[in-house]
DNA sequence: TCAAAAGTGTTAAAAATACACCCATGG
DNA sequence: CCATGGGTGTATTTTTAACACTTTTGA
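Protein chains in written order, with the working numbering: chain A, 1 to 229; chain B, 1001 to 1229.
Quick look at the structure:
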């Protein structure tokens, strides 16, 4: 570092991830159980300190890999939390991220700390350490807002899904009931779903599977098309 | 700090503000000229180090007060920039904020450093220090997006304004021409503008002044109304 | 043949778009 | 009286919203 390097007390900087996944049609949140003080034994968001030579983005990915081993489908920065008293040990500023995991990536891989990680149903969350409950609430709101105008919902679904699954997911994300026929019309008008010649069995009539056509989406987006559901 | 306090190298944390104002119908950006190295003499976003006992929000407000003395009308966190090499002196993570200043607050008050601050037209910006050009670009995009679904535009206008001013501002923010009659219909339907019995003189027919009815907006918002322009 | 979920079409209301002229003032 | 910018209405198209029955399968 050059002669003019900064000399002053510095806060610690962490990254924390709010990771959502979909399982059995329920929205799940990934948490880890804290080992040390403070809040030992309590559940918290996966995350940790940013190393001096890695970007914030790299730091979240690394921490998530180390602590849980889940496979990320989508990741974006959420907000930075910096209240002076949010960590009892001293000044810790946390850059929070919002992440989505596809159903195939839900498994907690054998990793350093993955035995302490677990998925919780979004409305059966335990008490959380630090200000993590606030962070989760912010993330949940952001996810609902995002779902309206960006095709993030598809990140939570399997590659091949039924229209009923898609609708149920959107009802979950938006917290509102949707009309089946109107929903299908809207989806059809987007022209981003490729119907497959495969069907799911099940109780009742088999449902046709669809696939999200990412290439078509990116093409449409470039031409100034706006996704909206 | 307790025995379990963190011991490890820490990045520095700064806040930077992208401050927009409106003057003569042009969007202006507030910059300060750097005194010391690196980038001495170059223009940069106002900002500085976060003190150990202040929130991030307090830190931006303080820095803006100290460096420019402008009166803020609106402030929201934008994004946190943390590329390891974004500051030549070492690891500096910056929490960037997006701020708007009303026409009444544009004056650079006599303050510690306000003599180094200046307003620049948004498309006549000088070269900026660090990654500040990227931050400004991100902020500009956010402002355009935000203007569509939140009444932030009004923060940039004087308390009493004409519909022509409002339309010109939205054309500026959105980067698109709008039809005068349709725009006025849309605005009228929102029911958030109070027409006043005052008129601006000028070349041509005098224009009626209007006022943004913040109370009505907050009432409507609570009832699940969505602002959109 | 019954239960269960998939799939489909029409109508009415609201919103978006395109478009051209008259109005009030100052010089 | 003319130049300047303010202000207004209508017709068309598109989008949204409300609403109920038929289809296909497995048990």
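Glycine residues also receive a C-beta, built at the ideal position from the N, C-alpha and C atoms.
Here the structure is a predicted model, which is why all the values come from computation and not from measurement.
Closer than 7 Å: residue i CB and nearest the ligand SAM heavy atom
i                      : result
residue 154 of chain A : This structure does not include the ligand SAM; it has no bound ligands of any sort.
Whole-angstrom C-beta distance between residue j and residue i, which should lie under 8 Å
i                       : j                       : result
residue 190 of chain A  : residue 199 of chain A  : Rounded, the Cβ-Cβ distance is 22 Å, inconsistent with contact.
residue 1137 of chain B : residue 1207 of chain B : 34 Å between Cβ atoms; not a contact.
residue 1254 of chain B : residue 54 of chain A   : Nothing about residue 1254 of chain B can be read from this structure; chain B reaches only from 1001 to 1229.
Closest by C-alpha distance to residue i, when choosing among the options
i                       : options                        : result
residue 1102 of chain B : B:1155, B:1221, B:1008, B:1137 : B:1155
residue 217 of chain A  : A:161, A:37, A:82, A:194       : A:194
residue 1220 of chain B : B:1151, B:1046, B:1081, B:1159 : B:1151
residue 1130 of chain B : B:1104, B:1107, B:1109, B:1086 : B:1086
residue 115 of chain A  : A:35, A:27, A:137, A:201       : A:35
residue 201 of chain A  : A:68, A:40, A:127, A:161       : A:161
residue 104 of chain A  : A:196, A:159, A:145            : A:159
residue 1153 of chain B : B:1058, B:1205, B:1169         : B:1169
residue 58 of chain A   : B:1066, B:1082, B:1052         : B:1082
residue 1024 of chain B : B:1215, B:1119, B:1181         : B:1119
residue 176 of chain A  : B:1073, B:1224, B:1215, B:1052 : B:1224
residue 1132 of chain B : B:1204, B:1080, B:1073         : B:1080
residue 1171 of chain B : B:1145, B:1188, B:1192         : B:1145
residue 1093 of chain B : B:1065, B:1063, B:1072, B:1048 : B:1048
residue 1008 of chain B : A:52, A:7, A:42                : A:52
residue 1215 of chain B : B:1204, B:1182, B:1192         : B:1192
8 Å Cβ cutoff met for residue i and residue j
i                       : j                       : result
residue 1095 of chain B : residue 1056 of chain B : yes
residue 1013 of chain B : residue 1098 of chain B : no
residue 167 of chain A  : residue 157 of chain A  : no
residue 1089 of chain B : residue 1011 of chain B : no
residue 122 of chain A  : residue 22 of chain A   : no
residue 149 of chain A  : residue 226 of chain A  : yes
residue 1050 of chain B : residue 1015 of chain B : yes
residue 1117 of chain B : residue 1038 of chain B : no
residue 1075 of chain B : residue 1060 of chain B : yes
residue 100 of chain A  : residue 20 of chain A   : yes
residue 27 of chain A   : residue 68 of chain A   : no
residue 44 of chain A   : residue 32 of chain A   : yes
residue 1147 of chain B : residue 1106 of chain B : no
residue 1211 of chain B : residue 1196 of chain B : yes
residue 1186 of chain B : residue 1143 of chain B : no
Cross-strand partners of residue i (DSSP beta bridge)
i                       : result
residue 203 of chain A  : In DSSP, residue 203 of chain A forms no bridge with anything.
residue 1193 of chain B : B:1212
residue 1095 of chain B : B:1015, B:1080
residue 1100 of chain B : B:1020, B:1074
> Considering only residues of the segment 1 to 89 of chain A, which uninterrupted alpha helix (DSSP H) runs meet the minimum length of 4 residues and lie entirely inside it, listed in chain order?
Replying inline: You should have 56 to 67.
> Of all the beta strand (DSSP E) runs that stay within the bounds of the segment 1102 to 1172 of chain B, which reach a length of 3 or more residues?
Replying inline: Segments of the beta strand (DSSP E) lying fully in the segment 1102 to 1172 of chain B: 1117 to 1121, 1160 to 1162.
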